[in-house]
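Numbering (the numbering used here), first residue to last: 456 to 555.
Report on the structure given below.
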């Protein structure tokens, strides 16, 4: 039997690699802000929250599967012009940042 199609393989990424893959690419500090927002409001990113200090968990593994959501956050920041507006949008309508 021959199966045709494509398969996306999960790849571990450093924060620097992931920041460069966003369109347009961002610096690591800006990327960390996007990751911080995602970890505050999206259950899929809760592992990135450090329970002890309330900030980002540097040991949480980032994969290429996280990139689409982070790209949507990036796009909203470009459209809305501020992280504060995007944080409000994430809090009130997290579903806008998930899915296909």
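Note that CB positions come from ideal geometry on N, CA and C, so glycine has one too.
{"Asked": "Outcome for residue 541 when other beta-carbon atoms lying within 10 angstroms are tallied against a minimum of 16", "Found": "buried"}
{"Asked": "Residues of its chain near residue 511, where Cβ-Cβ distance is below 8 Å and the 5 sequence neighbours each way are ignored", "Found": "487, 490, 491, 494, 503, 504 and 505"}
{"Asked": "Residue 524 and residue 552 closer than 8 Å at C-beta", "Found": "yes"}
{"Asked": "Which residues DSSP lists as bridging residue 504, in chain order", "Found": "511"}
{"Asked": "Other residues of its chain near residue 517: CB distance less than 6 Å, five sequence neighbours each side excluded", "Found": "468 and 473"}
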